[in-house]
Amino acid sequence: MATYMGPSQGTACCSKSIFRTITVRNILQFFIRSRTRGKITQRKTISVYSIYSSNISMIYDVLQAHIFETELKCVAFLVNFDKHQSPTVVFRNIPFQLAPKSISILSECRTVVFETAKVNAQYGSRTAKVVESLNDIHTWKAFKEPIPEDISKAVYTGNQLFEHLSMTKDETDYLWYIVSYEYRPSDDGQLVLLNAESRAHVLHAFVNTEYVGCVHGSHDGPGNIILNTNISLKEGQNTISLLSVMVGSPDSGAHMERRSFGIRKVSIQQGQQPLHLLNNELWGYQVGLYGEGKRIYTQEESSSVEWTEINSLTYHPLTWYKTTFAAPVGNDAVALNLTSMGKGEVWVNGESIGRYWVSFKAPSGQPSQSLYHIPQHFLKPTDNLLVLVEEIGGNPLEITVNTVSITTVCGSVNELSSPALHTQGKDPEVRLRCQRGKHISAIEFASYGNPAGDCTTFSTGSCHAALSESVVKQVISITNMMN
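Just so we're aligned: 296 in UniProt numbering is position 296 of the sequence shown, and the numbers increase by one with no gaps anywhere.
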């Protein structure tokens, strides 16, 4: 199906929207100076306000001007973050109308040479179709990741807490910290509190191989994450195993060489007794998970561990799961729906298709991603090996194999749009094409005027040519006959 959106600016029958013209005010200004060919380069970032209502209290910080200026040259970027309004701003005594969600580039800080809103491109909406539900419990196997508890078998030891990335060296997300603690119970049965402070992304805690808690950070939260949990200890020696997890490594930002990750502080608090700091105790370290080291996600090494039927291991943290599935027929993209899982990584035929973290919800309350693409060249016609390592706990029986296809294509163009790069002419245009093997079957929407909305919610505006849809349908019909 296709959707066409006609001109939205400059149409004769359309009345102009009324917005209050504003002048850029230097609310916040930063100067970054550097030497460029012996001259001073100056950058200014200016936050500006636009008033969309006669109510003076309704102001929004949605406009910015980024200025790069030397003694002889000047270029400015005018940014409008608003999704709906097209305010007019006066920048250096020149008015500019900024389209919603757009950036305008000004040569010599006065002439618009490029505007993102005027770039014409086809876009569309995708539809996922379930082709196989992996809900047969008899086809799944599970392997519980061993929790390290013997410091004498650790690859590295030291009387300090080592930095995470210096140990993993970007070969794995996981680093085990293992320490032994001697517990002498008091007569009053006071609770024992484990406190661990980390600068990793996730921290899992185990006491004597039993799972006791987990904590993770957030994008906008503080750099440190803190785990506080009551634990049960046996009299004598106890093993505390902490799994530090990173979700990738930093790839940008100032002073990257000074950034450190991993556990910073671990302590035990027994009732009202003095805090017992464990930082300088003898720590053992294991880089990566046992299953990672054994490469049990590959066909060749999958049998190197003992897999069991899925039963009580379901929903347990740090569990590996495996099954097989057949590749869908056709050329559509293939993806796994992992909504039922928590956090971990997925392999198909020994190839990683990436980390997943569907239990970490976006502000909307939904996971930021639930479909995970499998490249076609990873797949075989049948018996594709699917292996997951689940950190938190999930239900693999609800995983589905899906095909994903573009079912709707759409685009918009107006007389002020930039000419298409793939044509010789100077007139703006937009072209709609289906993916290979498919054709346009219906026209859902077409409007010559000032339509509004996006690919799935287009609607006619105050100006609309009634023959728009019939004209486009005739063009499509002729095109299909020619092909």
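Where is the CB? At the ideal position from N, CA and C, for every residue including glycine.
Here the structure is a predicted model, which is why all the values come from computation and not from measurement.
How would you call residue i, buried or exposed, if buried means at least 16 neighbouring beta carbons within 10 angstroms?
i	result
P87	buried
R184	exposed
E390	buried
E171	exposed
E115	buried
L275	exposed
E345	buried
H204	buried
D251	exposed
G291	buried
N331	exposed
M167	buried
N337	buried
DSSP on residue i, reduced to helix/strand/coil?
i	result
L397	helix
G453	coil
V377	It should be pointed out that residue 377 corresponds to His in this sequence rather than to Val. H377 falls in the helix class under three-state DSSP.
I296	coil
N480	helix
N55	Residue placement at N55 cannot be trusted, given a pLDDT of 27 that sits under 50; the coordinates are not used to answer.
A154	coil
Q369	coil
S133	strand
V389	strand
L467	coil
V75	strand
I46	At I46 the pLDDT is 45, less than 50, meaning the model places this residue with poor confidence; the figure from the coordinates comes in the next sentence. Reduced to three states, the DSSP call for I46 is strand.
T319	strand
H255	coil
K234	coil
K144	strand
L289	coil
residue 484	This structure does not reach residue 484, given that the chain is present from 1 up to 483, and the question cannot be answered.
R37	With a pLDDT of only 36 at R37, under the threshold of 50, the placement of this residue in the model should not be trusted; the figure read from the coordinates follows. Coil at R37, not helix or strand.
T339	coil
A121	coil
L278	coil
Using alpha carbons as the reference points, say which of the options lies closest to residue i.
i	options	result
V404	L379, E391, D427 and H373	H373
G124	Q435, N230 and K473	Q435
K380	V389, F325 and G293	F325
P146	Q369, E306 and A333	E306
N238	V245, I226 and F206	F206
A200	V472, M341 and L243	L243
H219	A362, L388 and T172	A362
N384	W140, N395 and I263	W140
E69	V62, K426 and F77	F77
T407	Q85, R126 and K101	R126
W347	N402, N414 and R295	R295
M256	N280, L165 and V472	L165
G453	H84, A65, V75 and L63	H84
R258	G248, V334 and E163	E163
V266	G253, E281, L98 and S260	E281
S477	E149, H439 and Y290	H439
Q160	I263, T168 and L63	I263
N349	T457, V387, R431 and I392	V387
N228	G213, A442 and E235	G213
Q64	E71, N80, C74 and V75	N80
D150	A99, T460, Y177 and I103	Y177
What are the partner residues of residue i, as DSSP defines its beta bridges?
i	result
R98	A quick correction: the sequence has Leu, not Arg, at residue 98. L98 is not bridged to any residue.
S352	W347
residue 484	Examination of residue 484 is not possible in this model, given that the chain is present from 1 through 483 alone.
R126	I406
K265	E197
S241	I178 and F206
K361	P367
S459	A452
C214	H204
H219	According to DSSP, which records beta bridges pairwise, H219 is partnered with nothing at all.
L161	Paired residue(s): none; L161 is not in a bridge.
In its own chain, which residues sit with a C-beta less than 8 Å from the C-beta of residue i, not counting the 5 before and 5 after it?
i	result
A465	G6, S447, Y448 and G449
I268	Y181, V192, L193, L194, N195, L275, H276 and L278
S186	Q270, G271 and Q273
Among the residues of its own chain, which have a CB less than 7 Å from the CB of residue i, if the five just before and after it don't count?
i	result
residue 561	This structure cannot speak to residue 561, because the chain is shown only from 1 to 483.
M246	H164, D173, A200, H201 and F261
S468	G6, A446, S447 and Y448
Q97	S86 and T88
Residues in the same chain with beta-carbon distance under 6 Å from residue i, minus the five sequence neighbours each way, listed in chain order, please.
i	result
F143	V305, W307 and W320
G394	S340, M341 and G342
V192	I231, L233 and Q270
I310	I137, W140 and A142
G223	R199
A121	none
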